[in-house]
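For reference, the structure is listed below as structure tokens.
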Amino acid sequence: MKLDQDVRARLGRLPPKLEQLYLEAYENNLLKYLGEVGQSIISNIMKWLLCAQRQMKSSEFCTAVAMYTVPTEELTKEHVLDLCHNFVVFDNGSDVFRFAHLSV
Numbered sequence: 001m002k003l004d005q006d007v008r009a010r011l012g013r014l015p016p017k018l019e020q021l022y023l024e025a026y027e028n029n030l031l032k033y034l035g036e037v038g039q040s041i042i043s044n045i046m047k048w049l050l051c052a053q054r055q056m057k058s059s060e061f062c063t064a065v066a067m068y069t070v071p072t073e074e075l076t077k078e079h080v081l082d083l084c085h086n087f088v089v090f091d092n093g094s095d096v097f098r099f100a101h102l103s104v
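1 is the number of the first residue of the sequence shown in UniProt numbering; add one for each residue after it.
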């Protein structure tokens with residue numbers, strides 16, 4: 001949402017639980033307009049962020065995410081951020097991706 005009026009209207013209709021809000025945002029903002037490959041990449045991004053036993057540098061992370069979906073040279077840091085909107089952020093100082101907030 002880009003307009004203040006839309007944001008205010010939506011705030012009046014929030015689901016009772018944060019989990020429901022994230023699920024709605026995930027399905028409507030991340031997956032709704034993507035094809036099968038884009039959805040697969042987002043799924044891989046979330047899985048790697050949740051399950052990796054250590055933080056990976058951005059190039060290593062992109063390679064791992066793209067392993068079974070797209071050629072490595074096609075998945076960039078910018079692609080990851082664009083696909084994941086505000087769910088995932090990039091820390092320039094440590095060259096790693098992370099969830100934008102612990103609640104994500």
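Glycine included, C-beta positions come from ideal geometry on N, C-alpha and C. As the structure is a prediction and not an experimental result, all values here were calculated from the model.
Apart from sequence neighbours up to five positions away, the residues of its chain that approach F99 with a beta-carbon distance below 8 Å are L49, F87, V88, V89, ordered along the chain. In this chain, V70 is not harboured by any beta strand (DSSP E), its DSSP state being neither H nor E. In the structure shown, the three-state DSSP call for D95 is coil. Runs of the alpha helix (DSSP H) lying entirely within the stretch 43-70 and spanning at least 4 residues, in chain order: 58-66. Taking a cut-off of 8 Å for Cβ pairs, the stretch 54-61 and the stretch 32-39 do not touch, as fewer than three such pairs fall below it. Between G38 and L81, the C-beta spacing is not below 8 Å. Spanning the alpha carbons of L11 and I41 requires a straight line of approximately 30 Å.
M46 and L23 have their C-alpha atoms some 13 Å from each other. Partner residues in the beta bridge of V89, as assigned by DSSP, are R98.
With a threshold of 16 other beta carbon atoms within 10 Å, C62 meets it and is buried.
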